[in-house]
Amino acid sequence: MVILQTRFINPFQPDLDKDELFNLVSGYPGIDILVLFMAHDFGAAKVLIDNGTGKAGKLMDVTSSTLDLEKRKALVSLHAFSVDDYFSSFFRKGKKAFWKTMLKCQEYIGLFAELGNSPQVPDHISQGLELFVCTLYGSHAYYVINQHKTLQRFERK
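Using the working numbering, read the sequence shown as starting at 6 and increasing by one per residue.
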């Protein structure tokens, strides 16, 4: 098991403590990726998302999108949370499934809009992300994801 370190960086805050890390656990052995996720400040710079692979890849200009500000912020965080387009940490779930699941609940939109506003990830966001992943896979109950994955491995079938 490998720890993926995601560092939340806001380049517009010079006093930011860049040693604060939010750790994600990956089930893929041999993968160690450091993701730099900049806090979304739409007033300071143009925000582009590199989406897709190969010839299907394109740059999306989030700052000039017709989405409201909260959904634009949520889109940036959702894109970072759902990892990249080459391999997914979420089995058989692509970015489209993430987007549709997020839009089902206003609470998820607010959760992803708030993600990345600070280098620390508050408990309510961590728990909200776990609930989001449960919803993504069709469960309406809340599970602590790592505990639930462990229990599923040892259940009799």
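Heads up, the beta-carbon is just placed ideally off N, CA and C, and yes, glycines get one too.
All values derive from a computational prediction rather than experimental measurement.
CYS110 has its alpha-carbon roughly 13 Å from the corresponding atom of ALA102. Distance from the CA of GLY59 to the CA of LEU83, rounded to the nearest whole angstrom, comes to 21 Å. DSSP places LEU83 in the uninterrupted alpha helix (DSSP H) bounded by 74 to 86. For the set VAL67, LEU80, VAL52, the Cα lying nearest the Cα of MET107 is the one of LEU80.
In the displayed model, LYS100 falls within a helix according to three-state DSSP. For GLU75, the closest of ALA85, ALA118, LYS51, PHE86 by C-alpha to C-alpha distance is ALA118. The C-beta distance from ILE130 to LEU116 rounds to 6 Å, short enough to fall under 8 Å. Distance check between ALA85 and each of ILE54, GLU135, SER123 places ILE54 closest, using alpha-carbon atoms only.
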